[in-house]
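**Q** Per the numbering used here, residue 51 is the first one in the sequence shown, and the count goes up by one each step.
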Amino acid sequence: MPFNIEQYERYLDTQFLGRTLHYRETTNSTMDDARLILENDKEAPPGFVCVAGEQLQGRGRLGRTWISAPGSGLYSTFYIKKKVGENAPLITIVAAIAVAEATRLTTGVELNFKWPNDVMYEGKKVSGILAEAYTDSGDLNILLGIGINREWSGNIPSEIANIAVSLSEIAGFAPNTEELLASLTNVLESKIFSITQFPESIIDEWSNKLTTIGKEITLNTINGSIDGQATGVTNTGDLILLMKNGEYRHISAGDVALR
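Structure (structure tokens):
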């Protein structure tokens, strides 16, 4: 079913985020679409969002492919032009919070988080988040990609059947795409404003639902694997890992597996 922009706008309650929407039924990647818009239009409005019904080359963290079958998910990239300074690492955290809150508002389902920014339900992934920098005239801006498994019709791809889940499976129905995107955008804008004013509250809200804390984990990084206990997070979202030798390490990127 085609995306209904008028219906989306009726749900939207933001000052700037998502007020300009670019929709394509099929695209390679909404992230690439957003970059192309910025390269070709120096007057592109801050806060625009690119949305697609299907991605042919959707991508996630660490260069992974994000499976983006037609009509099965919400695929979006937001252009964030806001000076967040040293709190820039919090942008993916506020995105995770926004996904969870939008899901609660549209389905009643409560989700939790897995470090660094996965949105989960009973150990399975519901949403993936990817932030990429975009430099314009010396200013560092952010392209924020958010994919949500809304509804899987037909066979679930075998490569993700055991590690991912859709909202329709959890809630028993698929939320309206336009309402889900608008709810996501509404919450995301309010949380982005909080990044510079109340960063501690962002970390607290996220860490309260972070299932990684207190677990024995293996952390896979670009430099190899590390075993330890996740004991907490820093005020920038780094994972605090207690090593077997009693040393504490702060980790900013990697993949977590429970042991």
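Cβ coordinates follow ideal geometry from the N, Cα and C atoms, glycine included.
Classify E93 as helix, strand or coil using the three-state DSSP reduction.
**A** Three-state result, E93: coil.
**Q** Which residue comes first and which comes last in the beta strand (DSSP E) that contains R299?
**A** Taken as a continuous stretch (DSSP letters only), the beta strand (DSSP E) holding R299 covers 298-301.
**Q** Return the CA-CA distance between G287 and W202, expressed in angstroms with no decimal places.
**A** Rounded to the nearest angstrom, the two C-alpha atoms are 32 Å apart.
**Q** Assuming R69 contacts G97 under a Cβ cut-off of 8 Å, what Cβ separation, rounded to an integer in Å, is found between them?
**A** R69 to G97, Cβ: 6 Å. Contact.
**Q** For T284, which residues in the same chain have their Cβ closer than 7 Å to its Cβ, ignoring the five residues on either side in sequence?
**A** Same-chain partners within the cutoff: I290, H300.
**Q** What separation, rounded to the nearest whole angstrom, lies between the Cα atoms of E93 and M293?
**A** For E93 and M293, the distance between alpha carbons rounds to 49 Å.
**Q** Please confirm whether E38 and Q57 have their CB atoms less than 8 Å apart.
**A** The displayed coordinates of the chain run from 51 to 309. Any statement about residue 38 would go beyond what the structure contains.
**Q** By DSSP, does E229 sit in helix, in strand, or in coil?
**A** Residue state, collapsed to three classes: helix.
**Q** Taking Cβ positions, are N167 and A145 nearer each other than 8 Å?
**A** Yes; because the gap between Cβ atoms is below 8 Å, this pair is in contact.
**Q** For E182, write down the residues that DSSP places opposite it in a beta bridge.
**A** L193, per the DSSP bridge assignment.
**Q** Does the separation of the CB atoms of A148 and V237 fall below 8 Å?
**A** Yes; because the gap between Cβ atoms is below 8 Å, this pair is in contact.
**Q** Please classify D305: does DSSP put it in a helix, a strand, or coil?
**A** In this structure, D305 counts as strand in the three-state DSSP scheme.
**Q** Check F243 in the structure and name its three-state DSSP category.
**A** If DSSP states are grouped into helix, strand and coil, F243 belongs with the helices.
**Q** For Y61 and P225, what's the separation of their Cα atoms in angstroms?
**A** Going by the C-alpha atoms only, they are around 13 Å apart.
**Q** Any idea if A307 is buried or exposed, counting beta-carbon neighbours within 10 angstroms, 16 or more meaning buried?
**A** Exposed is the call here.
**Q** I'd like to confirm the pairing. Which residues does DSSP put opposite Q279 in its beta bridges?
**A** Answer is E266, L292.
**Q** Given a cut-off of 8 Å, decide if L71 and I87 are closer than it, judged by their beta-carbon atoms.
**A** No, the Cβ-Cβ distance between I87 and L71 is not below 8 Å.
**Q** Using CA coordinates, which residue listed in L269, N78, S126 is at the minimum distance from L106?
**A** If we check each option's Cα against that of L106, N78 comes out closest.
**Q** Can you name the residues that DSSP bridges to M81?
**A** According to DSSP, M81 bridges with nothing at all.
**Q** Please report how far the alpha carbon of D82 lies from the alpha carbon of L269, in whole angstroms.
**A** Straight-line Cα distance between these residues: approximately 30 Å.
**Q** Quick check on E219: does DSSP put it in helix, strand or coil?
**A** Helix.
**Q** Thinking just about the alpha-carbon of each residue, which of I276, A280, R154, T262 is nearest to the one in N164?
**A** Just to set this straight, residue 164 is Lys in the shown sequence, not Asn. Comparing Cα positions, the closest option is T262.
**Q** Among residues of its own chain, excluding the 5 on either side of L112, which ones have a beta-carbon nearer than 6 Å to its beta-carbon?
**A** Confidence is the limiting factor: at L112 the pLDDT is only 48, short of 50, which leaves the residue's position unreliable, though a coordinate-based value still follows. Once the five neighbours on either side are set aside, L112 has no close Cβ partner at all.
**Q** Give the single residue among E219, V169, T185 whose Cα lies nearest to the Cα of I196.
**A** Measuring from the Cα of I196, the nearest candidate turns out to be V169.
**Q** Name, in chain order, the residues that DSSP records as bridge partners for A310.
**A** Nothing about residue 310 can be read from this structure; the chain reaches only from 51 to 309.
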